[in-house]
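Only one structure is covered here, and it is reproduced in the block below.
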Amino acid sequence: MSHATYRWFTLKDAQNEDDAKHIAIHEVWEEGIHGKVWDSALVMVHVIQTMARDNHFLPYIQGKHVVDLSAGTGLLGLCALHQGRPEKVTVTELDEAVPLIKSNVALNLGRYASRIQVMALSWGDKAAAAACGPADLILASDVLYESEFFEVLVQSLADLCSEKGRIYIGYKRRGLSIDDETRFWTLCEQHFAVTLLNDHPDDPDHRLVPELASQVGVKLYRLLRP
């Protein structure tokens with residue numbers, strides 16, 4: 000029997016908090032990792048909302064090309080579209096995960112589904128990254144789960160990120176060792192300046208870290224071109 004559920008997310012309007020937008024997400028747990036909404040994605044929803052509401056962070060997302068990398072259900076891409084007034088939103092996943100994302104986009108946008116570009120992208124695929132186009136803002140949650148894919152994941156981040164782009168990764172430790180984590184961030188440092196925002200209260204971007212992050216054990220990393 001298939002374990003399929005729908006989750007309802009209520010997002011306060013960035014300009015009028017008395018108004019609200021709603022996102023319905025279809026989860027299919029039998030599809031594996033990409034078939035459900037994980038804790039890091041819930042934290043990243045708060046990150047997007049803060050970007051949309053705070054004038055300091057609004058330039059990160061408004062009028063920008065936002066990429067939801069390895070998007071799972073597509074929640075972050077839908078949230079970015081609804082909240083941040085980006086110029087363009089691209090949602091990427093493996094081939095087998097694309098149908099679920101497209102169904103969630105259609106569920107929420109109907110005939111306006113073309114407002115989000117949904118595309119298959121395997122990490123390390125330079126042609127797919129080029130087709131996606133350079134991203135001003137890359138959002139990723141729970142993409143660190145298999146250490147054998149670290150090199151190709153970092154390559155895709157480097158291929159997708161524009162020269163002045165920003166990357167935010169929500170990460171919750173599940174099966175990786177500390178050595179695995181260190182190796183991944185060291186690989187990232189070959190291309191980016193990496194900051195664990197939870198541990199840097201003096202960094203302006205620390206305000207992007209919601210209280211929920213500490214409650215559910217999620218770390219928020221920022222990657223910038225050096």
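All residue numbers for the sequence shown refer to numbering that gives the first Met the number 0, where the first residue is 0 and numbers rise by one.
Note that the Cβ used here is the ideal one computed from N, Cα and C, for glycine as well.
This one's a predicted model, so the numbers in the text were calculated from it and none came from an experiment.
Cβ shell of residue i (< 6 Å), same chain only, five flanking positions each side left out
i	result
residue 164	134 and 135
residue 215	38
residue 84	61
residue 89	66, 116 and 131
Coarse secondary structure for residue i, derived from DSSP in three states
i	result
residue 48	helix
residue 223	strand
residue 8	strand
residue 89	strand
residue 171	coil
residue 124	coil
residue 0	For residue 0, the predicted structure reports a pLDDT of 46, less than 50, and the residue's modelled location is therefore unreliable. A value from the coordinates is still provided. Residue 0: coil per DSSP, three-state reduction.
residue 145	coil
Beta-carbon contacts of residue i that lie in its chain and below 8 Å, excluding the five residues immediately before and after
i	result
residue 10	19, 20, 21, 22, 44, 48, 78, 81 and 82
Where the alpha helix (DSSP H) containing residue i begins and where it ends
i	result
residue 210	210–215
residue 150	149–159
residue 82	74–83
residue 67	Counting along the chain, residue 67 falls outside any alpha helix (DSSP H), though it belongs to the beta strand (DSSP E) covering 64–67.
residue 177	177–187
residue 134	Segment 134–140 is the beta strand (DSSP E) holding residue 134; no alpha helix (DSSP H) there.
One or two residues paired with residue i in a DSSP bridge
i	result
residue 19	11
residue 194	221
residue 24	6
Span of the beta strand (DSSP E) around residue i
i	result
residue 117	115–119
Own chain, CB closer than 7 Å to residue i, minus 5 neighbours either side, in chain order
i	result
residue 6	24, 26 and 36
Cβ contact (3+ pairs, closer than 8 Å) linking the stretch 164–173 and the stretch 215–225: Between the stretch 164–173 and the stretch 215–225, the count of Cβ pairs shorter than 8 Å is three or higher; the stretches touch.
Three CB pairs or more closer than 8 Å across the stretch 112–127 and the stretch 23–42: With a cut-off of 8 Å, the stretch 23–42 and the stretch 112–127 do not count as touching, because too few Cβ pairs lie within range.
Cβ pair count under 8 Å reaching 3, the stretch 181–192 against the stretch 132–151: Contact check between the stretch 181–192 and the stretch 132–151: three or more CB pairs, one atom from each, fall below 8 Å, which counts as touching.
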